[in-house]
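Student:
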Amino acid sequence: MIAVKIIGLDLSGSEGRPSGLAILEGKKFFTCEIRSDAELLGACGRPGVALVAVDAPLNFPSGGGLRPCDRMMISRGLRVFPPTFGGMRKLTERGVRISSRLRELGLDVIEVHPRSSGVLIFGNPDRSVWVRGLRRAGFSLSPRSEHEVDAVVSALTGLLHLRGLTEVVGDGKTGEIVIPARGVSPRTLLRMRCCSGKPR
Numbered sequence: 266m267i268a269v270k271i272i273g274l275d276l277s278g279s280e281g282r283p284s285g286l287a288i289l290e291g292k293k294f295f296t297c298e299i300r301s302d303a304e305l306l307g308a309c310g311r312p313g314v315a316l317v318a319v320d321a322p323l324n325f326p327s328g329g330g331l332r333p334c335d336r337m338m339i340s341r342g343l344r345v346f347p348p349t350f351g352g353m354r355k356l357t358e359r360g361v362r363i364s365s366r367l368r369e370l371g372l373d374v375i376e377v378h379p380r381s382s383g384v385l386i387f388g389n390p391d392r393s394v395w396v397r398g399l400r401r402a403g404f405s406l407s408p409r410s411e412h413e414v415d416a417v418v419s420a421l422t423g424l425l426h427l428r429g430l431t432e433v434v435g436d437g438k439t440g441e442i443v444i445p446a447r448g449v450s451p452r453t454l455l456r457m458r459c460c461s462g463k464p465r
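Per the numbering used here, the very first residue in the sequence shown carries number 266; after that it's consecutive.
#1: If you reduce the DSSP assignment to three classes, tell me which class ALA321 lands in.
#2: Using the beta-carbon count (16 or more within 10 Å), is ASN389 buried or exposed?
#3: Tell me the residue span of the beta strand (DSSP E) that contains PHE295.
#4: Ignore the nearest five residues each way along the sequence and tell me which others in PRO206's own chain have a CB closer than 6 Å to its CB.
#5: Could you name each continuous alpha helix (DSSP H) segment of 4 residues or more that falls completely within the region 327-367, going from the start of the chain to the end?
#6: From the DSSP output, read off the bridge partner residues of ALA287.
#7: In angstroms with no decimal places, state the Cα-to-Cα distance between ARG336 and LEU343.
#8: Does the Cβ of ALA303 have 16 or more other Cβ atoms within 10 Å, making it buried, or fewer, making it exposed?
#9: If I measure Cβ to Cβ from VAL433 and keep anything under 7 Å in the same chain, skipping five residues before and after, which residues do I get?
#10: Put THR453 into one of helix, strand or coil per three-state DSSP.
#11: Is the beta carbon of LEU454 closer than 7 Å to that of ALA402?
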């Protein structure tokens, strides 16, 4: 088993607003807030990163409005916003730009939705419930903002993805969102010993 780093990124729509960053190594989350694209790329470009899980749309719908993956999420009762809706357009533009740069660095990147992940795993949209659940499962974390909590759950979704415990909603052409697989629960997290996978 190779210990690797998984990064969760709660991306903001502009460099003027904070983005949450979480680095998961073993069962410890290191969290902070950062702003500029250069900071984001520098943090994600560290050696040993296996996956970057981004909380932002990473592509635009072909005809405007909702992507097929967004419609699938909504049909399951998982609330997502259209990538072109209001301030979401700037977020999507940045998500497309950042994910492209990360892939140029040789990193694997997935789109996640931490609110949906938190609800699916812990059965509750309350972030404090997620933090308590993670601590009970043996994870170490001290997030100082909602952005950092969302980044933590993004990284957690990345860990589940490396373990084959996720479902991909949508497809590679029109957009896809990675969510925890059916049956993943706090008990699943408790059984996890460390992050494992293949770093770049």
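Yeah, the Cβ is synthetic: ideal placement off N, Cα and C, and Gly gets one too. Note that the structure is a prediction, hence the values are computed from the model and not measured.
Tutor: Reading off the structure:
#1: coil
#2: exposed
#3: 293-299
#4: The structure shown has nothing for residue 206, since the chain only spans 266 to 465.
#5: 333-340
#6: GLY273 and THR296
#7: Distance between the alpha carbons of ARG336 and LEU343 is about 9 Å.
#8: exposed
#9: GLU441 and VAL443
#10: Helix at THR453.
#11: yes
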